[in-house]
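This report concerns only the one structure given below.
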Amino acid sequence: MTLAPRQQLLHGWGRAVPTGASVVSTEDGSLDRAISNPPERGLLARGLGRSYGDAAQNAGGTVLDMTGRSSIHAVEAATGVIDADAGLSLDALMRRVVPLGWFPRVTPGTRHVTLGGALAANVHGKNHHLDGAWAAGVRSFVLVTPPPAPDVPASSTEVTRESDPDAFWATVGGMGLTGVVTRASLQLDPIPSAWLDVETQRATNLEDAIERMRQLDRDHRYTVAWIDCLARGRRLGRAVLTGADWAKPEQLPARFRNDPLAFDPTVVGSVPHKLTARVVTRPLVRAFNAAWYANATRQEGRQLQSISSFFHPLDAVDGWNRLYGRRGFLQYQFVVPLGAEDTLEAIIGETAHGATGSFLSVLKRFGPGDAGHLSFPMPGWTLTLDIPVGANGLRTMLARFDRMVADAGGRVYLAKDAALSPDLLSSMYPRLSEWRRIRDRLDPGRHMRSDLDRRLDLVGRSIR
Amino acid sequence: MNDAVGHMQRVLLLGGNSDIGNAIVSRLVRRRGVQHVILAARDPASLIDRVSSLESLGAKVEATSFDLTNCDEHATFVDRVFSDNGDIDVAILAGGLLGDQAESEIAPDRLQQVLEVNFVGSALLAMAVTKRLKEQGSGTLVIMSSIAAVQARRANFVYGASKAGIDAFGRGLADMAVGSGARVMVVRPGFVHSQMTDGLAPAPFAQDPDEVAEAVDAALDSDRTVVHTSGAVAAMARILPLLPRSILRRLPR
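If you want it as structure tokens, here you go:
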């Protein structure tokens, strides 16, 4: 059975810039057919739509809904190697492998991403300083590329770091523009339990936070800091920091010790679809941040947390992105190199004094980057800002931030991006032209397209 | 491609000599990072000053020829503009003819001209543009209507009726575009000081083209279908339909 493509309005997690596309379900043979016959406005694979901006949209073209292909083909319980379809969610993967004592090498802040999406964005997590980004856990993947000429079938290749390093590293972090990843093999890491031994600290300002972060990174596998982006003056950059490691079964309370690997996270609430007003307003943001900071006094010291409450706290609220109302929001995430703490401080300061503040701001120190041509992480400080669309002066503020980040030698994360100044792309991603050459080899007809590509000219169409 | 903070790349002005159209385009170039502008007018040679003024703002500008009344060519023209230049983020349909009410009442060819420019030609063009935007899955068509469209009056019902036609047509196109990613916006200014109204006594609450442009710019960030360019115009749009014909007949314009 073939499902007819349907015209659909697609948006990213930020819901800010919806565009229309023809969505093809890929449960059946329609995937190969769609890739073999790319339409004029091109093709793009889409997973669970968790990239915040327009990376998983293809206005007027074809979007391949990969979520229907989600089989796990093999789990080697002895070695922790899995082979699964790219449409598999991390949530489904974890429900399968956590009880066996395995965990993905990297998890982003939500389980609701697909293996393909995680690979295309080369996502990172709280252990980046030690374990690197998503690529670190990828053994191989199957890449299907559109035919260079009509009536030639699409080609399907298994890619490893060794078989074709260019294709491997151009695809990891390549934002889906090198072809369609249909399947991946991952190396998982062993875990002793489904619980984390979490240390919480408070930092009174940014300098304190940075110092504590350095120390936490030495002591723990997983670290992150939440920054109060409304605190000003002497308290600018005050933070709640957490560092964590996997808890051993004997650390667990008696009632969990029987089944230390039990994993069944639930959703505690849901934001109604009908909500069109913006709930996230400046007073609420202020109250929330103050409460979070105050609450951390009670948690200071050590406690046990579940996988979901430590790694994926927002997954407990279904559709939390709708809290930003009809016009949506954007997440501005950047990294600046170690030593560029001034830029970090300047941006936090400007956000604190800006019209909107940021509901959630997360600071993390990255370890070494990897060989991905468009990989986001570099050794340095990364900060996320969640900002409602429509705020006064937002356009000029973000343009200023872009410039500051570029001047500091940093970059903006493409998987989150919805507003980058296009002229700064190549200075933020200095290996862009190298990536473009490899991308053109993999997809010479330039059939892979996305709105992100159109907006920033990632593929380099304007420079034939 | 638009971004989340309203930057855009390419704008098409249909009616390249329109003062209001140029004010809108120049504002979008200055404030929204537009890199490429296409001006279309009957006589592209007449656009030299317009082109250089937009170029001085940093945009790449092209002038191309088209005639609103040449309806047979509209679809081909629109296809060519989109294919040659790439995606259009905003298309502004600003070409129009105020005409002379008294002349239109005497000379059928003058009457026909106003109706053909403002309604028939504009509607066919707007349809062709909307179809392309729908295929593109994104982009906005801005149709310049008028407060005159709200209620045609004795003093200017030829112009008023032609604008009422394109106004209603535009709202229909807006509904046709829902769910496609494309969008159609109908803009109703009041009296605007421009070449078109040169020599006419200004009506109350008259605006400059720049003020109209500011209102359109702001409306692009909303999801409104009908946009009045000032509070006074919005109020007039509410009041006019309530007036009895005996009063409408006596309104000077």
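Protein sequences, first through last, are from chains A and B. In this text, residue positions in the first sequence follow the working numbering: the first is 801, and each later residue adds one. In this text, residue positions in the second sequence follow the working numbering: the first is 40, and each later residue adds one. Just so you know, even glycine gets a beta-carbon here, dropped at the ideal spot from N, CA and C. The structure presented is a predicted model; accordingly, all values stated were derived computationally and were not measured.
Runs of alpha helix (DSSP H) lying entirely within the segment 879–925 of chain A, each at least 4 residues, in chain order: Counting whole runs of 4 or more residues, the segment 879–925 of chain A contains the alpha helix (DSSP H) stretches 890–897, 915–921.
Distance between Phe-196 (chain B) and Pro-291 (chain B) (C-alpha atoms, nearest Å): Going by the C-alpha atoms only, they are around 12 angstroms apart.
Reference Ala-878 (chain A); option with closest CA among A:Ala-886, A:Ala-856, A:Leu-890, A:Trp-902: Considering only A:Ala-886, A:Ala-856, A:Leu-890, A:Trp-902, the residue with the shortest C-alpha distance to Ala-878 (chain A) is A:Trp-902.
Paired residues, beta bridge with Ala-79 (chain B) - DSSP: Per DSSP, B:Leu-53, B:Thr-103.
Cβ of Pro-818 (chain A) within 8 angstroms of any chain B Cβ: For Pro-818 (chain A), the nearest CB of chain B lies under 8 angstroms from its own CB, placing it at the interface with that chain.
Cβ distance (whole Å) where Gly-849 (chain A) is taken to contact Gly-820 (chain A) below 8 angstroms: No, Gly-849 (chain A) and Gly-820 (chain A) are not in contact; Cβ-Cβ is about 15 angstroms, not under 8 angstroms.
The segment 842–855 of chain A: positions lying closer than 7 angstroms to chain B by Cβ: Taking 7 angstroms as the cut-off between beta carbons, the residues of the segment 842–855 of chain A near chain B are Gly-853, in sequence order.
Amino acids of chain B, ordered along the chain, whose beta-carbon sits closer than 8 angstroms to that of Gln-807 (chain A): Listed along chain B, the residues sitting closer than 8 angstroms to Gln-807 (chain A) by beta-carbon distance are Gly-218, Ser-219.
CB contact below 8 angstroms: Asn-41 (chain B) versus chain A: Chain A has a Cβ within less than 8 angstroms of the Cβ of Asn-41 (chain B).
Counted within 10 angstroms of its Cβ, other Cβ atoms place Asp-1243 (chain A) as buried (16 or more) or exposed: Classification for Asp-1243 (chain A): buried.
Cross-chain neighbours of Asp-1251 (chain A) in chain B, by beta carbon under 8 angstroms: Per Cβ cutoff of 8 angstroms: Met-40, Ser-177.
Buried versus exposed call for Trp-1092 (chain A) [16 or more other C-beta atoms within 10 Å across all chains shown]: The residue is exposed, with fewer than 16 neighbouring Cβ atoms inside 10 Å.
Min CB distance Glu-253 (chain B) to chain A below 8 angstroms: Under the Cβ criterion of 8 angstroms, Glu-253 (chain B) is not counted among the residues facing chain A.
Residue of A:Leu-844, A:Phe-968, A:Lys-1048, A:Val-981 minimising C-alpha distance to Ala-994 (chain A): Closest by C-alpha distance to Ala-994 (chain A), out of A:Leu-844, A:Phe-968, A:Lys-1048, A:Val-981, is A:Lys-1048.
Reduced DSSP category for Gln-48 (chain B) - H, G, I as helix; E, B as strand; rest coil: In the three-state reduction of the DSSP assignment, Gln-48 (chain B) falls in the coil class.
Interface residues of the segment 1186–1204 of chain A facing chain B [CB-CB below 7 angstroms]: Look at the segment 1186–1204 of chain A: the residues with a C-beta under 7 angstroms from a C-beta of chain B are Val-1189, Gly-1190, Leu-1194, Arg-1195, Leu-1198.
Pro-838 (chain A) beta carbon less than 8 angstroms from that of Val-946 (chain A): Correcting the residue type first, residue 946 (chain A) is Pro in the shown sequence and not Val. Yes. Within cutoff.
Per-residue DSSP class, three states only, for Glu-962 (chain A): In the three-state reduction of the DSSP assignment, Glu-962 (chain A) falls in the coil class.
Classification of Asn-41 (chain B) by the beta-carbon crowding that lies within 10 angstroms, buried from 16 upward: Buried: at least 16 other Cβ atoms inside 10 Å.
Bridge-paired residues (DSSP) for Val-823 (chain A): When beta bridges are read from the DSSP output, Val-823 (chain A) appears opposite A:Arg-806, A:Val-863.
Boundaries of the beta strand (DSSP E) in which Thr-1182 (chain A) is found, first to last residue: Its beta strand (DSSP E) spans residues 1180–1188.
Chain-ordered chain A contacts of Glu-174 (chain B) [CB-CB under 7 angstroms]: By Cβ distance, chain A contributes Gly-860.
Whole-number beta carbon distance between Ser-1250 (chain A) and Asp-854 (chain A), since they are thought to touch under 8 angstroms: Taking a contact as a CB-CB distance under 8 angstroms, the pair Asp-854 (chain A) and Ser-1250 (chain A) counts as one, their CB atoms being some 7 angstroms apart.
Length-filtered (4 minimum) alpha helix (DSSP H) runs lying within the segment 1106–1164 of chain A: Fully enclosed alpha helix (DSSP H) runs of 4 or longer: 1107–1111, 1141–1153.
Chain B within 8 angstroms of Met-801 (chain A), Cβ atoms only: The predicted model places Met-801 (chain A) with a pLDDT of 44, which falls under 50 and marks its position as unreliable; any figure quoted below should be read in that light. Not closer than 8 angstroms to any Cβ of chain B, the Cβ of Met-801 (chain A) fails to qualify, so no.
Residue-chain proximity (Val-226 (chain B), chain A), Cβ-Cβ < 8 angstroms: No, no contact with chain A.
Residue(s) in a DSSP beta bridge with Tyr-1022 (chain A): Within the DSSP bridge table, the entry for Tyr-1022 (chain A) names A:Ala-1044 as partners.
Own chain residues within Cβ distance below 8 angstroms of Ala-273 (chain B), not counting five before or after: The answer, listed in chain order, is His-267.
Selected residue, minimal CA-CA separation from Ser-836 (chain A), among A:Gln-808, A:Gly-1172, A:Val-944: Residue A:Val-944 is the option with its Cα nearest to Ser-836 (chain A).
Chain-ordered neighbours of Gly-55 (chain B) on chain A, where CB pairs are closer than 8 angstroms: Within chain A, no residue comes near Gly-55 (chain B); the closest Cβ sits about 24 angstroms away, beyond 8 angstroms.
Whole runs of the alpha helix (DSSP H) within the segment 168–238 of chain B, excluding any shorter than 4 residues: Complete alpha helix (DSSP H) runs here, min 4: 196–216.
The segment 1117–1129 of chain A contacting the segment 1180–1189 of chain A, beta-carbon criterion three pairs below 8 angstroms: Touching, per the Cβ criterion.
Contact with chain A by His-46 (chain B), beta-carbon distance below 8 angstroms: Taking Cβ atoms only, chain A reaches closer than 8 angstroms to His-46 (chain B), which makes this a yes.
Chain A contact for Asp-118 (chain B) (CB, 8 angstroms cutoff): In terms of beta-carbon proximity, Asp-118 (chain B) stays away from the interface with chain A, with every pair separated by 8 angstroms or more.
Cβ distance (whole Å) where Arg-1165 (chain A) is taken to contact Trp-1181 (chain A) below 8 angstroms: Going by Cβ atoms, the distance from Arg-1165 (chain A) to Trp-1181 (chain A) rounds to 6 angstroms, so yes, they are a contact pair.
Residue burial classification, Lys-926 (chain A) (beta-carbon count within 10 angstroms, cutoff 16): It counts as buried.
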